[in-house]
Amino acid sequence: MVKITLPDGNIKEFENSTNALEIARSISEGLARMCVAAKINGVLSDLTTTIEDDCEIELLTPKNVESLEILRHTTAHVFAQAMGRVFPNAKITIGPAIEGGFYYDVDCDELVESDLPKIEAEMQKIIKENLDVKKSFKSKSEALEFFKDNEYKTEIIESLSAGTLSEEEKGEGSVIGDEFQFYGQGDFSDLCRGPHLPRTGLIKAFKLEKITKAYWRGNTENKQLNRVYGTAFWKKSELIEHFEMLQEAKKRDHRIIGKKMDLFMTHEYAPGMTFFLPKGFQVYRTLQNFIRDLYKKYEFKEVMTPNMFNKKLWETSGHWEHYKDDMFVFDVEGQEFSLKPMNCPSHCLIFKNDFRSYKELPMRIADFGALHRNELSGALSGMTRVRKFCQDDAHIFCTMAQVEDEIAKCLEFVDYVYNDVFKMDYEIELSTRPEKRVGSEEVWDKAEKSLAAALDKTGKKYEICEGDGAFYGPKIDFRIRDCLKRVWQTATIQLDFNLPDRFDLKFQNENSTEEQPVMIHRAVLGSLERFMAVMIENFAGKFPLWLAPNQVEIINVADRHQDYCNEIKTKLVESGFRVETNFDNLGVGKKIAIARDERKPNYTLVLGDENIKEGNVSVRTREVVNGRNVEFTSSIEEFISRLVEERDSKSITF
RNA sequence: GUUGUCGUGGCCCAGUGGUAGGGCGUUGCAUUGGUAAUGCAGAGGUCGCGAGUUCAAAUCUCGCCGAUAACACCA
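Written out as structure tokens, the structure is:
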């Protein structure tokens, strides 16, 4: 007897073995038709996977999120099958489902973008044939024989039997005992871990998107393969929606908004470095001052340190050995100097500048210094990856015993900024000891435990990335997403056992003996440039009032109203608001459209005869109800008090 | 860094070997208008830089610079 527990707690019993499809049938024929896969004890499995032991099972239909991944993986296999029909000489390599779709890497030099419709048509045929997707097993020699002309699959088979597939490649195959697992439909068969849809006919809406290049197994020494990206959804309408969303998202690109709103510019003479124009710098400075204000609460002391240092500093810190290629190095009177890529070493010099007592710890030093990193040209991207930037950087020197408490305060700081103020979602990663590292096991144990303990107390979800820590200590990274859902690391909290050692930092403890402090690197916004870029995309350029470069725009109805407009402007400016006027010789409607599309003020005042007569202002807000912007008239005093309240509460309205 | 694509007035873009174009913006004049774009006139470009092919290059070839997408990188 096999006991099957369903998600609702119901238990079904089967004689001998069964599978998910039979279980579905035992509930209803309709369910069996809808089912695409199952979760057996939480593990994604095929409908036909044999079940011999008691287990919990969840039947997956297109309504489950997990089923989408399976759909996309099967679509990738259908692509590979079609590819083989259109280009018989093409060698298929690996093709996983990814966020938003799937890709498949193929070695086929003649493949170009204009071939995609042909391949799609072939895929359509395969779907129409509604082939059964079947699992099978081959011995290693059979598997090698099957892929004898494909050196890529051969390599995967060897890695599989050696157990050396990378984390990303895990989906590419599995070997049970000595048997290599294959999935196939019709004339096609591929090494794969699965699971897959039971039939190709279940694929209803897919699209091949683009062809790019990717190194075989991510190694720059290897050949660049053609990577074909595609996506699939359960419904045509979802597919269409997906592409419309991408189209809309592109309009939010910070590079486009930055140009339209005159926030910043770039120049080919300064690649990877941003020119902040008056409005952009207004936002930048406001962000910086926002953090400065919080430094009072969290007791950070701001310092300013040099931008360039003698190479000797970098030799002491170890950057010269490990990071030199990423630094801008030049000659000063026969000595090698470098622009600083980070602030930590100069803060170590500050710590060392005096005799330190335990009473001074934790010592928290903040620095908005400009950092220069010689990033590879191909890595540069708008303001999200630049060569010159500045962080809301700080270093905390403390005892090991103080670490957990300090980390907790940093976590609170980060959460206040992202969650309370910006309402931005963020993801947390805890990275633990890598293979190459400094510091004793005992210190790493303590450090990792402190970080985890502080994180656990927040109750927030976090991902543990084993082995991803820096060689000098474990770290917590925070990631946010841009308009195209690409993730960017912003905030970071890192422990460092290396620099205190290299700089021979010491303090005198309660027993008047010397002790080495622990160093915590932390940034909340991270690179201000990057944060601003992602923030612009999150807000689509519509900044909250406290940040907006143009808080109120005043539009006159006719020339004779200019004096009144200026009067109102003066009152607003005297109350501390940023105001622009548009007295251009254009219709009111056009000027409103310009404000909405380009200047994006929080409030637009349209002032004419009626306002002069009543002594009031007509206000147009950004808030849209039933397709119309909310408008009201009020006295200027009332309007100003509304503005003051909104600004000081840092509330976010769209 | 690698591979692909791109670089034409301030911005967006058309122009596939034969006298540099359009829209937006800008300047001037007229219009003085109440919520999605008034009319007319003008200014503004050695087509990223350099070399080559050609009678002739924005256009073809090569090199360089920059941007962009993907990969790699991000102690």
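FYI, the numbering for the first sequence is 816 to 1469, going by our numbering.
Note that beta-carbon positions come from the ideal geometry of N, C-alpha and C, so glycine has one too.
As a quick exercise: from the options, pick the residue whose alpha carbon is nearest that of residue i.
| i | options | result |
| --- | --- | --- |
| residue 1182 | 1014, 1207 and 1172 | 1207 |
| residue 1143 | 1152, 861 and 1231 | 1152 |
| residue 1434 | 821, 1446 and 1312 | 1446 |
| residue 1419 | 1367, 1233 and 1383 | 1367 |
| residue 1265 | 1310, 1124 and 1318 | 1310 |
| residue 1312 | 1306, 1356, 1321 and 1148 | 1321 |
| residue 1192 | 1431, 1365, 1233 and 1087 | 1087 |
| residue 1293 | 1226, 1376 and 1384 | 1226 |
| residue 1341 | 949, 1201 and 1256 | 1201 |
| residue 1392 | 1034, 1281 and 1459 | 1459 |
| residue 1205 | 1243, 1120, 1185 and 1220 | 1185 |
| residue 1255 | 1288, 1163 and 1068 | 1288 |
| residue 772 | 984, 964 and 960 | Outside the displayed span of the chain (816 to 1469) sits residue 772, for which this structure offers no information. |
| residue 1103 | 844, 1339 and 1015 | 1339 |
| residue 1404 | 1421, 1415 and 1093 | 1421 |
| residue 914 | 940, 1409, 1006 and 886 | 886 |
| residue 1048 | 1034, 883 and 1148 | 883 |
| residue 1032 | 1251, 940 and 919 | 919 |
| residue 1413 | 1439, 832 and 1364 | 1364 |
| residue 1348 | 937, 988, 1071 and 889 | 1071 |
| residue 923 | 1038, 1308 and 1212 | 1038 |
| residue 892 | 987, 1375, 818 and 1251 | 987 |
| residue 828 | 1169, 870, 850 and 1166 | 870 |
| residue 1069 | 1346, 1376, 1369 and 1461 | 1346 |
So, helix, strand or coil for residue i, using DSSP?
| i | result |
| --- | --- |
| residue 1254 | coil |
| residue 854 | strand |
| residue 1007 | coil |
| residue 1461 | helix |
| residue 1162 | helix |
| residue 1470 | Because the chain is modelled from 816 through 1469, residue 1470 falls outside the range shown and cannot be assessed. |
| residue 1111 | helix |
| residue 1331 | coil |
| residue 1070 | helix |
| residue 1201 | coil |
| residue 951 | strand |
| residue 1355 | coil |
| residue 972 | helix |
| residue 1129 | helix |
| residue 1229 | helix |
| residue 1234 | helix |
Here's the rule I'm using: 16 or more other beta-carbon atoms within 10 Å means buried, otherwise exposed. How should residue i be labelled?
| i | result |
| --- | --- |
| residue 1178 | buried |
| residue 991 | exposed |
| residue 1000 | buried |
| residue 1302 | exposed |
| residue 1359 | buried |
| residue 957 | exposed |
| residue 1300 | exposed |
| residue 1062 | exposed |
| residue 1246 | buried |
| residue 1336 | buried |
| residue 1241 | buried |
| residue 1297 | buried |
| residue 1401 | exposed |
| residue 932 | exposed |
| residue 1248 | buried |
| residue 1090 | exposed |
Just to confirm my understanding: we take residue i, look at its own chain, exclude 5 residues before and 5 after, and list those with CB closer than 7 Å. What are they?
| i | result |
| --- | --- |
| residue 921 | 898, 905, 906, 907, 908, 1040, 1041 and 1043 |
| residue 1223 | 1269 and 1272 |
| residue 1228 | 1109, 1113 and 1339 |
| residue 1217 | 1176 and 1177 |
| residue 1399 | 1406 |
Near residue i, what residues of its chain come up, given a Cβ to Cβ distance below 8 Å and the 5 sequence neighbours on each side ignored?
| i | result |
| --- | --- |
| residue 1126 | 1135, 1144, 1150, 1151, 1152 and 1153 |
| residue 1508 | Since the displayed the chain opens at 816 and closes at 1469, residue 1508 lies outside it and no answer follows. |
| residue 966 | 906 |
| residue 1004 | 951, 961, 997 and 998 |
Leaving out the 5 sequence neighbours to the left and right, which residues in its chain are closer than 6 Å to residue i when beta-carbon positions are compared?
| i | result |
| --- | --- |
| residue 1427 | 1379 |
| residue 1115 | 1179, 1181 and 1209 |
| residue 1123 | 1152 and 1154 |
| residue 889 | 1011 and 1012 |
Inset, instruction - Say whether the stretch 926-936 touches the stretch 1012-1030, bearing in mind that this needs 3 or more beta-carbon pairs closer than 8 Å, one atom from each stretch. - result: yes
Legend entry - At least three beta-carbon pairs within less than 8 Å, the stretch 1070-1083 to the stretch 1094-1111: yes
Legend entry - Segment contact, 8 Å Cβ cut-off, at least three pairs: the stretch 867-876 with the stretch 842-856: yes
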